[in-house]
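Q: Handing you this structure, nothing more for now.
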Amino acid sequence: MAEHPERTPLDQEVLRAALLGPAGAYAALDVVPTTGSTNADVAAAAQAGAPDRVVLIAEEQTGGRGRQSRAWASPAGAGLYLSLLLRPEGVSPVHFGWLPLLAGLALTRAVRSACGVEAAMKWPNDLLVGPAERKCAGILAEAVVPVGRAGGGPASPAVVVGLGLNVDHQPDELPARPTGPQATSLRAEGAVGLDRAALAIRLLGELDTVERAWRSQGGDVVRSGQLAAYREASATLGRRVRVELAGDHSVLGTAVDVDEAGRLLVRSDSGRTEAFSAGDVVHLRAR
């Protein structure tokens, strides 16, 4: 196994000074040395009544999860592993499906501006970086079933958005991926000036910007400008794709758009345009 460099722990107080109120965008932020899953921890906090915009960052996860319960490698000090609790007041839960896409948009912007590498989102939740378009991050959003508040009233709907970003991973710390884009890290792609604290501040700042704009318009991605912004950040639109669905069913075609519901629109080889709200998307070479 390769020798790993010394890694500087995240400074919780530096992050709090930059991101918490009264001037900051977030209600609470904690950094823990290790946990099983930040998403699971924040979901439990949501059930206990935690407020909107609580952030948990772990130096290491021992049970990190991706979509469809896939494992996410989270070695200590190598990446950013964080979860954010959102209670979007004034937004109908029918629009909550946009939250992982908004997180992807924020992540793309943060990596592009802070790290000097090519970055774009593969629908719905993979950050692809570098000329070979390798996977550098994933996003998992999970709704939390509301429970009653202590005073007896209903709790507001909540969503936990988790992000895992490979920052300083060495080759032997990256998981093998039997299908889809191979895993990479920002360091492996030649990113400059890597500072996990600065990157966390940039990422959470970008996420505040896009989510606040979306929330201010009641979840309307057209009026808030977030649909147009997501289209610009997409690595999938205009590409020939295979959408893999449950039951070994798949659809071949060209990804032509993302609609107002966050669904991927694919013009299939039969000429019919289909909308997908879930599924694994594989980028294919043009015929």
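According to UniProt numbering, numbering within the sequence shown proceeds without interruption in unit steps and concludes at 287. Glycine included, C-beta positions come from ideal geometry on N, C-alpha and C.
Run the CB neighbour count on T34, radius 10 Å, all protein chains shown included, and call it buried at 16 or more, exposed below.
A: exposed
Q: Tell me the residue span of the alpha helix (DSSP H) that contains G205.
A: Per DSSP, G205 belongs to the alpha helix (DSSP H) from R196 to S216.
Q: Pick helix, strand or coil for D248, following the three-state DSSP scheme.
A: helix
Q: Alpha carbons only, please: which of G162, Q47, E189 and R212 is nearest the one belonging to D138?
A: According to the sequence provided, residue 138 is Gly. The question's Asp does not apply to it. If we check each option's Cα against that of G138, G162 comes out closest.
Q: Among residues of its own chain, excluding the 5 on either side of Q68, which ones have a beta-carbon nearer than 6 Å to its beta-carbon?
A: Because Q68 carries a pLDDT of 49, less than 50, the predicted location of this residue cannot be relied on, and the following value inherits that uncertainty. Cβ within range, chain order: n/a, list empty.
Q: Cα separation between R109 and R285?
A: 26 Å
Q: Among the candidates D280, E260, T273 and G271, whose CA atom is the shortest distance from the CA of G247?
A: Answer by Cα proximity: D280.
Q: Leaving out the 5 sequence neighbours to the left and right, which residues in its chain are closer than 6 Å to P75 when beta-carbon positions are compared?
A: E173
Q: Pick helix, strand or coil for D220, following the three-state DSSP scheme.
A: coil
Q: Please confirm if the segment 113 to 129 is in contact with the segment 77 to 86, defined as three or more CB-CB distances below 8 Å between the two stretches.
A: no
Q: Figure out for me which residue from E60, A43 and A58 has the closest Cα to the Cα of D52.
A: A43
Q: How far does the alpha helix (DSSP H) with R134 in it reach, from first residue to last?
A: Here R134 belongs to no alpha helix (DSSP H); instead the beta strand (DSSP E) covers R134 to V144.
Q: Rounded to whole angstroms, what is the Cα-Cα separation between Q226 and V117?
A: 22 Å
Q: Confirm, please, whether the CB-CB distance from V167 to L186 is below 9 Å.
A: Going by C-beta atoms, L186 is nearer than 9 Å to V167.
Q: Going straight from the alpha carbon of Q283 to that of P100, what length do you get?
A: Checking the displayed sequence, the identity of residue 283 turns out to be His instead of Gln. For H283 and P100, the distance between alpha carbons rounds to 20 Å.
Q: Enumerate in chain order the residues of its own chain whose CB-to-CB distance from L275 is below 6 Å, with the five nearest sequence positions on each side excluded.
A: What sits at residue 275 in the sequence shown is Ala, not Leu. Around A275: R263 and L265.
Q: Can you tell me whether E6 is helix, strand or coil according to DSSP?
A: Three-state result, E6: coil.
Q: Residue range of the beta strand (DSSP E) that R267 falls in?
A: L264 to S268
Q: Figure out for me which residue from H95, G63, G253 and L204 has the closest Cα to the Cα of D269.
A: G253
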